[in-house]
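See below for the structure under consideration.
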Amino acid sequence: MLKIYLSGEVHSDWRERIIDQIKAENLAVSVLCPVTNHEASDGVGEQILGAEDTAFWRDHKSAKINGIRTRLLINQADVVVVKFGEKYRQWNAAFDVGYATAMGKSIIVIHPKEFTHALKEIDAVAHAVTESENNVTELLKYIIQ
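According to our numbering, the sequence shown is numbered sequentially starting from -18.
Have a look at this one:
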């Protein structure tokens, strides 16, 4: 079974669409995902380790805990799929690409055409770059068949 990690923007249902397509195609693909609930992700440090006086330390605690999860899941994945969405800049997604590259993982990047110049270094290390989640399922199908 191929394991994929879906990294990137959390403001749309792109992960669910890919998961639905994988199920519809009956592909032997297992999907790993980050915590996509902002409140849960941003507040995990305080929730588990206690309150902080400043936003910096609150974010710092949560980022470190989320980093444990991200590193673990990327290490488990065969392919890392990273979506850069239009609403916010996904600095964490760029970091995930760097980490996945360092770990020798295969990378598929999704982003709008307008981001091509801004993401040229990301695209240069990716094994495939697409503008559509639909292409991801087709790529997975080709890889595992």
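Think of the CB as a built atom: it goes at the ideal place given N, C-alpha and C, for glycine as much as any other residue.
Residue range of the alpha helix (DSSP H) that includes residue i
{"i": "alanine 75", "result": "72 to 83"}
{"i": "threonine 118", "result": "114 to 125"}
{"i": "lysine 4", "result": "-5 to 6"}
{"i": "alanine 21", "result": "19 to 30"}
Endpoints, the beta strand (DSSP E) within which residue i is located
{"i": "serine -12", "result": "-17 to -11"}
{"i": "alanine 107", "result": "Unbroken run through alanine 107: none, as it is neither H nor E."}
{"i": "valine 12", "result": "10 to 13"}
{"i": "valine 90", "result": "87 to 91"}
Cβ-Cβ separation, residue j to residue i (assumed contact under 8 Å), whole Å
{"i": "valine 117", "j": "isoleucine 89", "result": "6 Å"}
{"i": "leucine -13", "j": "leucine 121", "result": "That pair is no contact at about 12 Å."}
{"i": "valine 131", "j": "isoleucine 103", "result": "A question about residue 131 goes unanswered here, because the residues of the chain that appear run from -18 up to 126."}
Three-way DSSP call (helix, strand, coil) for residue i in this model
{"i": "serine 43", "result": "helix"}
{"i": "lysine 64", "result": "strand"}
{"i": "leucine 100", "result": "coil"}
{"i": "alanine 58", "result": "coil"}
{"i": "threonine 51", "result": "helix"}
Cβ pair count under 8 Å reaching 3, the segment 60 to 72 against the segment 38 to 50: no
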